[in-house]
């Protein structure tokens, strides 16, 4: 499994919105400038995220985007599944019911199921708020005299 730029940039965009959640609606050009990501690419990501009610949108003067919920409601796993699709390490685990004809005799299936569980538990265990808290603690404890 390899996370594409779409998934990584979507995560960075949502972290940026979480950081600025008290600033109202945030213009895409501001996110693009802060994150050094093309505004056009962010527009493509917004289109994906808007289908899932992740964002609130306001058009016109002072328009922009904001998170529809608080940062503790968004997990990294949810965000990556929206942008990447399945996070399964092998195709046979993409569906809830394994439809592989070899699943009953597959010697490696348990390995892939275990890896899939570890990936899912890890990514679903991290929220945007966790990332903000970690980042804040990192900057707070990083002072120079």
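Numbering (the working numbering), first residue to last: 8 to 152.
A virtual CB, placed ideally from N, CA and C, is assigned to each residue, including glycine.
Cα-Cα separation between residue i and residue j, rounded to whole angstroms
i	j	result
residue 103	residue 67	42 Å
residue 81	residue 30	19 Å
residue 58	residue 94	19 Å
residue 76	residue 135	11 Å
residue 45	residue 55	16 Å
residue 99	residue 133	25 Å
Integer Cβ distance of residue i from residue j, believed to fall under 8 Å
i	j	result
residue 123	residue 96	6 Å
residue 53	residue 35	7 Å
Secondary structure of residue i, DSSP reduced to three states
i	result
residue 73	strand
residue 63	strand
residue 90	helix
residue 115	coil
residue 33	strand
Residue nearest to residue i in terms of C-alpha spacing, selected from the options
i	options	result
residue 8	88, 32 and 20	88
residue 33	39, 72, 43 and 11	72
residue 86	60, 44 and 36	60
residue 42	12, 78 and 125	12
residue 3	110, 127, 45 and 108	The question about residue 3 has no answer here: the residues shown for the chain are numbered 8 through 152.
residue 10	146, 130 and 137	130
* **Segment contact flag, the stretch 10-27 with the stretch 128-144, C-beta cutoff 8 Å, min 3 pairs** => Yes: the two stretches touch, three or more of their Cβ pairs being nearer than 8 Å.
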